[in-house]
DNA sequence: TAGCATTAGACCGACCGTCGGTCTATAATT
DNA sequence: AATTATAGACCGACGGTCGGTCTAATGCTA
């Protein structure tokens with residue numbers, strides 16, 4: 253899909269790019285694909301526009317035909333990532349049989365399942381994205397995710413309030429605060445990944461697992477639920493993520 | 253303090269910078285001063301090293317004699333800001349007469365007082381630092397502040413636990429989570445400032461004030477305190493900040 | 001309807017300006 | 001003499017621009 257180079261008519265190696273015309277949707281999707289791979293591998297600042305177009309097999313001009321700037325590409329990528337992860341969880345949001353607590357738990361469970369399935373890739377990505385020098389990348393994706401998730405969480409909290417399960421004075425404000433809260437895991441996650449990579453997997457698993465449980469308790473408390481109601485941790489999850497083979 | 257230009261020995265105007273030698277402490281402090289002003293005015297990415305040395309009145313070579321990179325300068329600046337704001341609150345931390353709840357409230361009150369005193373400047377700075385394109389600046393300062401504040405908050409929580417006022421399973425983890433929590437105010441703050449600048453001061457004040465109260469409640473709940481125990485909001489504070497004359 | 005002209009816009013890549021960072025020379029200090 | 005602090009010319013990388021090319025679809029003519 254990436255990196256096409258064409259030999260010229262005379263059969264000798266030709267360094268020039270062939271002019272290949274594709275539909276704009278395909279092209280921009282390909283650019284996003286390449287950008288995603290590279291950004292998640294080396295970070296935003298460490299990926300040049302030239303890297304991207306080399307991988308995608310098209311020219312500078314073409315790139316700037318599709319995106320007004322490198323920044324804009326990042327923005328578009330963040331939006332796509334946010335949209336896709338939302339779609340991943342769609343079934344849970346549409347399930348009419350769940351009450352607010354069950355729905356929150358199902359959302360956490362869903363994103364755990366997703367992470368387990370793609371454990372090696374996720375771990376590598378986290379390892380890059382949570383690095384301090386990659387804040388820009390991290391922050392843009394976070395903003396995009398928050399944007400799509402906030403209304404959804406707000407609605408769940410409002411529903412929980414109506415059912416008398418939650419006691420959240422202001423669903424929207426609480427949704428925003430809870431979403432902010434999840435970022436406290438980024439640092440912990442990054443530390444754990446580093447530690448695991450350094451060889452101390454057991455300790456890393458222990459710490460991460462504990463923090464996931466504490467995070468769940470904090471969420472419980474903010475919503476006035478009994479400690480342990482919201483389940484963020486899960487036996488074996490931390491280990492599955494941290495011990496994933498990323499070679 | 254910034255921008256000195258010197259006429260040469262022959263009395264004629266000399267465009268070259270004179271070689272002025274100062275003690276390293278002074279020099280690096282001056283560089284940090286200039287950097288702080290510029291970063292807080294235009295952001296990190298929008299301030300070039302040349303801008304800084306022009307303002308500070310010294311050469312490229314001298315700059316790189318003191319700091320190995322622009323990044324390192326930012327790091328040092330963040331550390332200084334964190335250290336200074338900590339010193340500002342030192343009296344409260346040293347006050348042996350306060351219990352844990354009182355100490356937390358005193359810390360919030362102290363940082364409110366600080367912000368009120370410097371309202372115009374603080375508001376302008378927030379307006380810049382909370383902008384999405386300035387995440388790097390924001391994040392570095394946040395990290396530095398978190399680093400110095402975490403042990404302090406951990407100790408307060410532990411003390412509150414011992415006194416039976418808090419119920420926080422893991423003081424350190426809870427300290428880190430609570431510190432993370434404060435970032436939820438950044439977005440709100442930024443929105444409010446924008447709104448105030450757009451003219452709708454009353455609405456901005458109302459929103460910010462409400463969010464400060466809700467933030468306090470969230471903190472209460474995480475620590476298992478009755479709603480309203482921790483006072484983050486204060487009558488007139490939001491207005492003092494948002495209506496400050498920044499012209 | 002075959003053949004030609006026109007046009008939109010996808011695409012190319014040389015080039016440019018900016019900016020972080022380096023290097024050599026030199027002035028002051030010890 | 002050696003070391004430290006400075007100056008500022010210079011470098012290379014990188015994001016972004018610009019003039020122009022190529023192609024496929026559309027319109028027009030005979």
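Protein chains in written order, with our numbering: chain Y, 253 to 499; chain H, 253 to 499. Built from N, CA and C at the ideal position, the CB exists for glycine as well.
CB contact below 8 Å: residue 436 of chain Y versus chain H: On the first chain, residue 436 of chain Y is found 184 positions in, with the first residue counted as 1. Using a CB distance cut-off of 8 Å, residue 436 of chain Y counts as an interface residue toward chain H.
Thinking just about the alpha-carbon of each residue, which of H:318, H:372, H:310 and H:285 is nearest to the one in residue 336 of chain H? Your numbering for residue 336 of chain H matches position 84 in the second chain. Nearest neighbour of residue 336 of chain H by Cα position, chosen from H:318, H:372, H:310 and H:285, turns out to be H:285.
Pull up the CB-CB distance for residue 466 of chain Y and residue 422 of chain H, whole angstroms please, since I reckon it's below 8 Å. The residue you call residue 466 of chain Y lines up with position 214 of the first chain. The residue you call residue 422 of chain H lines up with position 170 of the second chain. Confirmed, about 6 Å.
Roughly how many whole angstroms lie between the Cα atoms of residue 310 of chain H and residue 290 of chain H? Against the second chain, residue 310 of chain H aligns to sequence position 58. Against the second chain, residue 290 of chain H aligns to sequence position 38. In a straight line, the C-alpha of residue 310 of chain H is about 16 Å away from that of residue 290 of chain H.
Taking 6 Å as the limit between beta carbons, can you name the residues of its chain near residue 338 of chain Y, skipping five residues before and five after? On the first chain, position 86 is the one that residue 338 of chain Y refers to. The answer, listed in chain order, is 400.
Assign residue 371 of chain Y to one of three DSSP states: helix, strand, or coil. Locating residue 371 of chain Y in the first chain gives position 119, where the first residue counts as 1. Correct three-state label for residue 371 of chain Y: helix.
Is the shortest distance between the beta-carbon of residue 478 of chain Y and the beta-carbons of chain H less than 8 Å? Here residue 478 of chain Y refers to the residue found at position 226 of the first chain. For residue 478 of chain Y, the answer is no, since every Cβ of chain H falls outside 8 Å of its Cβ.
Nearest-angstrom beta carbon gap, residue 313 of chain H and residue 341 of chain H [assumed within contact, 8 Å]: On the second chain, residue 341 of chain H is found 89 positions in, with the first residue counted as 1. On the second chain, residue 313 of chain H is found 61 positions in, with the first residue counted as 1. Going by Cβ atoms, the distance from residue 341 of chain H to residue 313 of chain H rounds to 39 Å, so no, they are not a contact pair.
Please work out which residues of its chain come closer than 7 Å, Cβ to Cβ, to residue 478 of chain Y, disregarding the five sequence neighbours upstream and downstream, and give them in chain order. For the purposes of this step, residue 478 of chain Y is identified with residue 226 of the first chain, where counting begins at 1. These residues qualify, in order along the chain: 472.
If you check the beta carbons only, do residue 446 of chain H and residue 436 of chain Y fall under 8 Å apart? One-based indexing of the second chain puts residue 446 of chain H at position 194. One-based indexing of the first chain puts residue 436 of chain Y at position 184. The criterion of a C-beta distance shorter than 8 Å is not satisfied by residue 446 of chain H and residue 436 of chain Y.
Below 8 Å, how does it come out for the region 291-307 of chain H and the region 371-390 of chain H: are there three or more Cβ pairs, yes or no? Judged by pairs of C-beta atoms under 8 Å, the region 291-307 of chain H touches the region 371-390 of chain H, as three or more such pairs exist.
Contact belief for residue 333 of chain H with residue 396 of chain H at Cβ below 8 Å, rounded distance in angstroms: Taking the first residue of the second chain as 1, we reach residue 333 of chain H at position 81. Taking the first residue of the second chain as 1, we reach residue 396 of chain H at position 144. Right, their Cβ atoms sit about 7 Å apart.
Which of helix, strand or coil DSSP assigns to residue 362 of chain H: Start at 1 with the first residue of the second chain, and residue 362 of chain H comes out as number 110. If DSSP states are grouped into helix, strand and coil, residue 362 of chain H belongs with the helices.
Under 8 Å by beta carbon: chain H residues contacting residue 429 of chain Y: Here residue 429 of chain Y corresponds to residue number 177 of the first chain, with the count starting at 1. Listed along chain H are 433, 436, 466, 467 and 470, each with a C-beta nearer than 8 Å to that of residue 429 of chain Y.
Host alpha helix (DSSP H) of residue 313 of chain Y (start-end): To locate residue 313 of chain Y, count along the first chain from 1; it is residue 61. First-last of the alpha helix (DSSP H) with residue 313 of chain Y: 312-318.
In the DSSP assignment, find the alpha helix (DSSP H) that holds residue 452 of chain H and state where it starts and stops. Within the second chain, the letter at position 200 stands for residue 452 of chain H. Under the DSSP assignment, residue 452 of chain H falls outside any alpha helix (DSSP H); it carries neither an H nor an E label.
Between residue 410 of chain H and the rest of its own chain, which residues show a CB-CB distance below 6 Å, the 5 nearest in sequence each way excluded? Working through the second chain from its first residue, we reach residue 410 of chain H at position 158. Around residue 410 of chain H, the same chain offers 423 as residues with beta carbons nearer than 6 Å, after the five sequence neighbours per side are excluded.
Under the criterion of a Cβ to heavy atom distance below 7 Å, does residue 340 of chain H qualify as lining the ligand HEM? With respect to small molecules bound, the structure shown includes none, and the ligand HEM cannot be examined in it.
Determine, for residue 456 of chain Y, whether the minimum Cβ-Cβ distance to residues of chain H falls below 8 Å. As a first step, residue 456 of chain Y is located in the first chain; it is residue number 204 there, counting from the start. Contact with chain H is absent for residue 456 of chain Y, since none of that chain's Cβ atoms lies less than 8 Å from the residue's Cβ.
Using a Cβ-Cβ distance cut-off of 8 Å, determine whether residue 391 of chain H contacts chain Y. For this step, residue 391 of chain H is matched to residue 139 along the second chain. Interface with chain Y (8 Å Cβ-Cβ cutoff): residue 391 of chain H is included.
Give the residues of chain H in contact with residue 276 of chain Y, contact being defined as C-beta atoms less than 8 Å apart. Your numbering for residue 276 of chain Y matches position 24 in the first chain. None at all; the shortest Cβ gap to chain H is about 27 Å.
Using a Cβ-Cβ cutoff of less than 6 Å, which residues in the same chain neighbour residue 355 of chain Y once the five nearest sequence positions on both sides are dropped? If you number the first chain from 1, residue 355 of chain Y lands on position 103. Closer than 6 Å at the Cβ level, and outside the excluded window around residue 355 of chain Y, lie 408.
Use the C-beta contact count for residue 199 of chain H: other C-beta atoms within 10 angstroms, 16 or more gives buried, fewer gives exposed. Residue coverage of chain H in this structure runs from 253 to 499, which leaves residue 199 of chain H outside it and unanswerable.
Residue 450 of chain Y versus residue 495 of chain H - alpha carbon distance: Here residue 450 of chain Y refers to the residue found at position 198 of the first chain. Here residue 495 of chain H refers to the residue found at position 243 of the second chain. Each residue's Cα considered, the two are about 51 Å apart.
For residue 474 of chain H, return the contacting residues in chain Y, with the cut-off set at a CB-CB distance below 9 Å. Taking the second chain and counting its residues from 1, one reaches residue 474 of chain H at position 222. The answer, in chain order, is 469, 470, 473 and 474.
Three-way DSSP call (helix, strand, coil) for residue 354 of chain H in this model: Here residue 354 of chain H is taken as the residue at index 102 of the second chain, counted from 1. Residue 354 of chain H falls in the helix class under three-state DSSP.
If the cut is a Cβ gap below 7 Å, which residues of chain Y does residue 387 of chain H touch? Within the second chain, the letter at position 135 stands for residue 387 of chain H. Those are 387, 388 and 391, listed as they occur along chain Y.
Inter-residue Cα distance where the pair is residue 439 of chain H and residue 269 of chain Y: Residue 439 of chain H sits at position 187 when you count from the first residue of the second chain. Residue 269 of chain Y sits at position 17 when you count from the first residue of the first chain. Straight-line spacing of the CA atoms in residue 439 of chain H and residue 269 of chain Y works out to 45 Å.
Spatial neighbours of residue 382 of chain H in its chain, beta-carbon cut-off 7 Å, leaving aside the 5 residues before and after: Counted from its first residue, the second chain places residue 382 of chain H at position 130. Result list for residue 382 of chain H: 390, 438, 441 and 442, in chain order.
Straight-line CA distance for residue 493 of chain H to residue 350 of chain Y? As a first step, residue 493 of chain H is located in the second chain; it is residue number 241 there, counting from the start. As a first step, residue 350 of chain Y is located in the first chain; it is residue number 98 there, counting from the start. Each residue's Cα considered, the two are about 44 Å apart.
On the DSSP letters alone, give me the boundaries of the alpha helix (DSSP H) that residue 322 of chain Y sits inside. Counting from 1 along the first chain, the entry for residue 322 of chain Y is found at position 70. Note, residue 322 of chain Y: alpha helix (DSSP H), 322-346.
Hey, how far is the Cα of residue 415 of chain Y from the Cα of residue 404 of chain Y? Start at 1 with the first residue of the first chain, and residue 415 of chain Y comes out as number 163. Start at 1 with the first residue of the first chain, and residue 404 of chain Y comes out as number 152. The alpha-carbon atoms of residue 415 of chain Y and residue 404 of chain Y are separated by roughly 17 Å.
Starting from the C-beta of residue 462 of chain Y, find all residues in its chain whose C-beta is less than 6 Å away, skip the five residues before and the five after it, and write them out in chain order. Walking along the first chain from the start, residue 462 of chain Y turns up at place 210. Contacts found: none.
Using the three-state DSSP reduction, which class does residue 423 of chain Y fall into: helix, strand or coil? The sequence position of residue 423 of chain Y within the first chain is 171, counting from 1. Looking at residue 423 of chain Y - three-state DSSP - the assignment turns out to be helix.
Looking only at its own chain, which residues have a Cβ that is under 8 Å from the Cβ of residue 484 of chain H, when we skip the five neighbours before and after it? For the purposes of this step, residue 484 of chain H is taken as residue 232 along the second chain, with counting starting at 1. If we look at residue 484 of chain H and ignore the five residues flanking it on each side, its Cβ neighbours are 360, 464, 465, 467, 468 and 471.
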